[in-house]
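When we follow my numbering, the leftmost residue of the sequence shown carries the number -4, and every step to the right adds one. A virtual CB, placed ideally from N, CA and C, is assigned to each residue, including glycine. Only one structure is covered here, and it is reproduced in the block below.
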Amino acid sequence: MFDRMKEDINSVFDRDPAARNVFEVLTNYPGLHAVWFHRLSHKLWQCNWKWLARSLSTFSRWLTGIEIHPGATIGRRFFIDHGMGVVIGGTAEIGDDVTLYQGVTLGGTSWKEGKRHPTLMNNVVVGAGAKILGPITIGKHGKVGSNSVVVKDVPEHATAVGIPGRIVNPNKNNGAAEKREQAAKKYGFDAYAVAVDNPDPVAKAIGRLLDHMHLMDDKVSDLCREVNQLGGEVCQEALPELSVGEFDEDEKAAAKRRESAAESFDPTI
-4 MFDRMKEDIN SVFDRDPAAR NVFEVLTNYP GLHAVWFHRL SHKLWQCNWK
46 WLARSLSTFS RWLTGIEIHP GATIGRRFFI DHGMGVVIGG TAEIGDDVTL
96 YQGVTLGGTS WKEGKRHPTL MNNVVVGAGA KILGPITIGK HGKVGSNSVV
146 VKDVPEHATA VGIPGRIVNP NKNNGAAEKR EQAAKKYGFD AYAVAVDNPD
196 PVAKAIGRLL DHMHLMDDKV SDLCREVNQL GGEVCQEALP ELSVGEFDED
246 EKAAAKRRES AAESFDPTI
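Take a look at the structure:
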């Protein structure tokens, strides 16, 4: 028992740089207290002391702001950061080294008996306010973005964001993202939030338009080069910058502010 408690304390230091010493962790981390209360209530639940298990779980919720049903199965080194508002259903299964932030719900979508709540495999991270609903599985090393609502399985090493949750892969199509940015700059357009993995449908539409513009530019450049090789004189003038209307200057100023803010951002603050 004490070895498991030591593991839990060490997991706080591994995942929360704000933790300073063991005494502070023992006295000021409700996520740690909630996990320890759950281990005791889960044992009572397994021994068929249902009422006592639920009563201890209710006391833990009152003390920590975290509600974990005593029937939930939780692995080793489970860490709940901040914790307020976390709800974990009775048939939820959580693997080892899983991290949840405040406001996360592992809930059900049906009143039928049986498996109704999610399964989180090892090393899953769930962002603040995310809702994972139904008997679905979040694969190993999976991530769920803050305030996302996930109702379908998430593969291993994948990230789900948005409502409903969509799978995004930041390592996919990096070349396409660079091309979109180049096309946006060429036409005087701010490419903010038009990445290829952005789940926003408007941003996706703009990104597709930029892809099309980039392709057309390449075709026109090839055509101009062939015509010039045949003795013609075309495409001598630079492409004029695209004006997006009376708010053009404001948009450029906003883009510059975002760039300067990104350059001056200090992640240690």
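Counting along the chain, the unbroken alpha helix (DSSP H) around Leu27 starts and ends at Pro25 to Gln41. Taking the CA atoms as reference points, Gly134 sits about 14 Å from Gly140. Per DSSP, the continuous beta strand (DSSP E) segment holding Val163 begins and ends at Arg161 to Val163. Our two residues, Val7 and Ser55, have alpha carbons roughly 19 Å apart in a direct line. Within the segment 59 to 139, the runs of beta strand (DSSP E) that reach at least 3 residues and sit entirely inside it are, in chain order, 100 to 102 and 126 to 128. The alpha-carbon separation between His136 and Val121 amounts to approximately 10 Å.
A direct Cα-Cα distance of roughly 35 Å separates Trp40 from Gly157. Distance from Thr59 to His37 at the Cβ level is roughly 16 Å; contact not present, criterion being Cβ atoms closer than 8 Å. By the neighbour-count definition (other C-beta atoms within 10 Å, threshold 16), His152 is an exposed residue. Remark: C-beta atoms of Val146 and Leu115 do not approach each other more closely than 7 Å. Approximately 7 Å separates the beta-carbon atoms of Val119 and Gly90; this is inside 8 Å, confirming the contact. As computed with DSSP, Thr154 is found in a beta bridge with Lys138 and Val163.
Residue state for Val17 is assigned as helix, using DSSP reduced to three classes. The bridge partners DSSP lists for Val145 are Ile127. Counting only residues of its own chain and dropping the five nearest sequence neighbours on each side, Arg111 has a CB closer than 7 Å to the CB of Gly84, Thr86, Gly103, Ser105 and Pro130.
For Gly226 and Asp217, the gap between their C-alpha atoms comes out near 15 Å.
If you draw a straight line from the Cα of Phe18 to the Cα of Arg34, it is about 21 Å long.
The closest CA to that of Gly98, considering only Ala67, Gly80, Leu47 and Asn117, is found on Gly80. Counting along the chain, the unbroken alpha helix (DSSP H) around Val7 starts and ends at Phe(-3) to Arg10. For Val30 against Ile4, the beta-carbon gap comes to about 11 Å, at or over 8 Å, which does not count as contact.
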